[in-house]
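Read the structure below first, then the notes.
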Amino acid sequence: MIKPAPNAPIRLFTVADGISTEDLLVNLSETLASANALSCDLAFDLEGSKREELLGVAQLIELAQLLADRVHLGAAMAGKASSG
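Numbering (this note's numbering), first residue to last: 1 to 84.
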């Protein structure tokens, strides 16, 4: 028998409400740093095009890290401006 409507997608992971932007950005930064370390470590175990591809992924992670750092800096500066 075919169901009239599909099951709703399962949300395995969620971010809890009430976590500060700074805490979220710190966690994001740590996650990106871990992903970068893993990809670089693995890349140096590879050779040829696979190594180059994985180093490209590491570079994309590093770019995301720079964006997260800039947002974190902006949030910190905004917090200082509003408190003082």
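Glycine is no exception: its CB is placed at the ideal position from the N, C-alpha and C atoms. Predicted, not measured: the structure shown is a model, and the values here were computed from it.
Beta-carbon spacing of residue i, residue j below 8 Å
| i | j | result |
| --- | --- | --- |
| Leu38 | Leu46 | no |
| Ala64 | Leu42 | no |
| Ser29 | Asp69 | yes |
| Ala81 | Thr21 | no |
Residue i, buried or exposed, once every other Cβ within 10 Å from all chains shown has been counted against 16
| i | result |
| --- | --- |
| Leu67 | exposed |
| Ile61 | buried |
| Ala58 | buried |
Helix, strand or coil at residue i according to DSSP, with G and I counted as helix
| i | result |
| --- | --- |
| Val15 | coil |
| Lys3 | coil |
| Leu46 | coil |
Distance cut-off 7 Å: residue i Cβ against heavy atoms of the ligand ZN
| i | result |
| --- | --- |
| Asn7 | For the ligand ZN, the structure offers nothing, since it holds no ligand at all. |
Spatial neighbours of residue i in its chain, beta-carbon cut-off 7 Å, leaving aside the 5 residues before and after
| i | result |
| --- | --- |
| Phe44 | none |
| Leu25 | Ala68, Val71, His72, Ala75 |
Other residues of its chain near residue i: CB distance less than 6 Å, five sequence neighbours each side excluded
| i | result |
| --- | --- |
| Cys40 | Ala58 |
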